[in-house]
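Below: one structure, written as structure tokens.
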Ligand code: UT7
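In our numbering, the protein residues as written are 19 to 343.
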């Protein structure tokens with residue numbers, strides 16, 4: 019019998035501090051950095067984001083999202099045999115956020131590691147977990163996207179600091195006799211490293227280089243709209259499906275204009291596009307599972323719906339996963 023993997027529960031967690039565009043504009047204005055609610059909404063669709071308290075880490079947010087996903091799946095943490103955390107803002111240089119999170123869930127023994135593919139991290143992590151489950155290496159996985167991007171923002175650079183937020187989303191992915199994940203398609207092109215990066219590093223006990231996020235927004239925008247269509251089409255072709263089979267498009271939540279352009283290219287009506295960027299901002303690897311969980315809990319996404327998840331970001335990385343929920 020063919021072995022597949024299927025999502026059996028979703029969960030998410032946002033740190034309580036919600037910062038509206040007006041709040042942020044006032045904070046930045048006091049430091050001489052000019053921005054406005056109008057500019058942010060018009061160029062990105064973002065209205066608010068959440069920022070974690072200084073002592074809260076990605077594994078804290080991820081553990082809470084994981085607990086909620088486990089509850090939704092009706093599973094105990096002790097049943098989990100694989101943990102993958104997608105993050106670019108791990109708690110430490112090492113060990114992985116996944117190992118720290120495993121301990122916070124009160125379990126031990128199962129494989130746990132991080133995936134670093136920036137905003138494509140969740141589709142990468144889901145694909146790795148699916149492969150391990152299908153080949154018998156695991157049967158009940160937690161796949162988590164967790165970020166505290168507020169830690170790596172330059173609050174004197176208005177072209178980036180208004181875009182990102184903190185949060186976490188998680189799914190429980192289980193072995194199944196019926197297909198959940200239908201196909202996926204992952205890519206990277208390392209020649210674009212410099213258009214979106216945090217170029218600093220730790221060496222000899224000092225930070226070398228700049229430890230804050232740098233982005234050439236227009237270059238990222240142009241690449242993103244092209245590759246998102248390609249990845250969706252390649253994934254549909256692998257699954258033997260067409261645009262018309264997609265019930266919900268859940269792209270990485272970075273900019274409403276990129277998301278709408280992808281939906282248009284896939285000939286999807288805008289009401290099939292899941293949008294949470296307005297409330298969460300860009301939470302990098304957490305954005306897709308956050309959007310998925312919000313839509314499941316609001317009753318929008320139902321069991322049996324076909325979902326196209328799409329990530330794109332630093333690396334440059336991109337990819338898509340098509341699944342029956
Ligand atoms: O997560 C990975 C994926 N990331 C993305 O997908 C991000 C992709 N890029 C984007 O979303 C967009 O390029 C941005 C939202 C980052 C920028 O939007 P844009 O329409 O490309 O704006 P722009 O960079 O062309 O800037 C237009 C103007 C500039 O002023 P001038 O030169 O025309 O006078 C900027 O200085 O807007 C100015 N500007 C701002 N003004 C007020 C830039 N940031 C701000 C700001 N507030 N926060």
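All residues carry an ideal CB built from backbone N, CA and C; glycine is no exception.
Just to confirm, does residue i get its C-beta within under 7 Å of one of the non-hydrogen atoms of the ligand MG?
i: residue 181; result: Among the ligands modelled here, namely the ligand UT7, the ligand MG does not occur.
Using a Cβ-based criterion (distance less than 7 Å to any ligand heavy atom), does residue i qualify as near the ligand UT7?
i: residue 340; result: no
i: residue 331; result: yes
i: residue 334; result: no
i: residue 96; result: no
i: residue 239; result: yes
i: residue 39; result: no
i: residue 215; result: no
i: residue 106; result: no
i: residue 268; result: no
i: residue 13; result: Because the chain spans 19 through 343 in this model, residue 13 falls outside it and cannot be assessed.
i: residue 139; result: no
i: residue 280; result: no
i: residue 219; result: no
i: residue 317; result: no
i: residue 134; result: no
i: residue 274; result: no
i: residue 242; result: yes
Can you check DSSP and say which residues form a bridge with residue i?
i: residue 336; result: 205 and 330
i: residue 22; result: 194
i: residue 269; result: 328
i: residue 27; result: 190
i: residue 32; result: According to DSSP, residue 32 bridges with nothing at all.
Given a cut-off of 8 Å, decide if residue j and residue i are closer than it, judged by their beta-carbon atoms.
i: residue 161; j: residue 329; result: no
i: residue 76; j: residue 130; result: no
i: residue 266; j: residue 313; result: yes
i: residue 170; j: residue 230; result: yes
i: residue 111; j: residue 220; result: yes
i: residue 285; j: residue 340; result: no
i: residue 35; j: residue 68; result: yes
i: residue 87; j: residue 166; result: no
i: residue 194; j: residue 22; result: yes
i: residue 134; j: residue 106; result: yes
i: residue 151; j: residue 120; result: no
If you scan the region 68-119 from start to end, which runs of the beta strand (DSSP E) of 3 or more residues do you find wholly inside it?
For the region 68-119, whole beta strand (DSSP E) runs of length 3 or above, ordered along the chain, are 100-104.
At 3 residues or longer, what runs of the beta strand (DSSP E) sit wholly inside the region 272-331?
The qualifying runs are 324-331.
What runs of the beta strand (DSSP E), each 3 residues or longer, lie entirely inside the region 144-202?
Correct list: 158-166 and 184-194.
Complete runs of the beta strand (DSSP E) confined to the region 219-256 [at least 3 residues]
The qualifying runs are 219-221 and 224-226.
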